[in-house]
Amino acid sequence: TFMVVAASSSAWLEIQHFLFCNIIHPHHLCWEIIMELWCFLIRHAEADVINDLIDKLCSLYSITASSETILSPSSAVRKMARALNILCIDAPQSTANQIYEAIFRLDGKGCAVSQVAYLPLLLEGYPLDSLSDALQKHFVQRAITALCGLMENSSRLQGKLNLSRVSGSGLFGEPLYTLSAALCH
1 TFMVVAASSS AWLEIQHFLF CNIIHPHHLC WEIIMELWCF LIRHAEADVI
51 NDLIDKLCSL YSITASSETI LSPSSAVRKM ARALNILCID APQSTANQIY
101 EAIFRLDGKG CAVSQVAYLP LLLEGYPLDS LSDALQKHFV QRAITALCGL
151 MENSSRLQGK LNLSRVSGSG LFGEPLYTLS AALCH
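So the sequence shown is numbered by the working numbering: it starts at 1 and just counts up by one.
Below you can see the structure in the form of structure tokens.
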């Protein structure tokens, strides 16, 4: 009830600040509470408020995305991906589509960051069923491209550093397994 009342007052900025600052809270219980607050907002806020929050959250995710940390489950980008996945599951399809389009900039102005953003979402169990059919197809195509890019870049890095094959063998296992699981679903 507090969030509904505060949405029409000056306290709303403080609530937004609190939610954004704690979206990757290190303590699991606190993070769960924050996610419940996010889900409540997504379910009950007005459309313009939801659009504004989603745009800000997706911008934050795109800034956070970095290829050096995507395979670490405790990285900020993985925690943000987990949060976005939960919001996609809890939100109506239009909001899930908005999240997808905001992250991957389907307006033709896509950037390299969006390639890196696919893998954390997949690794955290992106709910493909929450998207429209057209966006599901687009997601699968781009995810395969992103995985191939990760494998190619890692192969080049291993060649330059003369790393053994054993050190890189686990690098592709998790993303490849996750992609195949998403495609079979």
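Built from N, CA and C at the ideal position, the CB exists for glycine as well.
No experiment lies behind these values; they were computed from the predicted model shown.
- Task: Rounded to whole angstroms, what's the CA-CA distance from residue 146 to residue 78? Just pull it up for me.
- Result: 16 Å
- Output the residue ranges of the alpha helix (DSSP H) runs that lie fully inside the segment 31-107 and measure 4 residues or longer, sorted by chain position. 47-64, 76-90 and 93-104
- Message: residue 132 and residue 93 - do their beta-carbons sit closer together than 8 Å?
- Response: yes
- Task: For my contact list, residue 128 and residue 136 are in at a C-beta cut-off of 8 Å; report their separation, rounded to the angstrom.
- Result: 5 Å
- Between residue 96 and residue 88, is the Cβ-Cβ spacing less than 8 Å? yes
- Task: Rounded to whole angstroms, what's the CA-CA distance from residue 30 to residue 15? Just pull it up for me.
- Result: 15 Å
- Query: Counting along the chain, where does the alpha helix (DSSP H) carrying residue 14 start and finish?
  - Reply: 11-21
- Neighbour-count burial assignment, residue 62, 16 or more Cβ in a 10 Å radius: buried
- From the DSSP output, in three-state form, read off residue 162 for me. In this predicted model, residue 162 has a pLDDT of only 48, less than 50, meaning its place in the structure is not dependable; the value taken from the coordinates is given anyway. Three-state result, residue 162: coil.
- Task: Thinking residue 34 and residue 22 are a contact (beta carbons under 8 Å), I'd like their distance in whole angstroms, please.
- Result: 5 Å
- Query: So, using beta-carbon positions, are residue 118 and residue 91 closer together than 8 Å?
  - Reply: no
- Message: Assuming the contact rule is C-beta atoms closer than 8 Å, residue 19 and residue 37 should be a hit. Round their C-beta distance to whole Å, please.
- Response: 6 Å
- Alpha-carbon to alpha-carbon, residue 27 and residue 17: 18 Å
- Query: So which of 13, 3, 59 and 64 has the shortest CA-CA distance to residue 41?
  - Reply: 3
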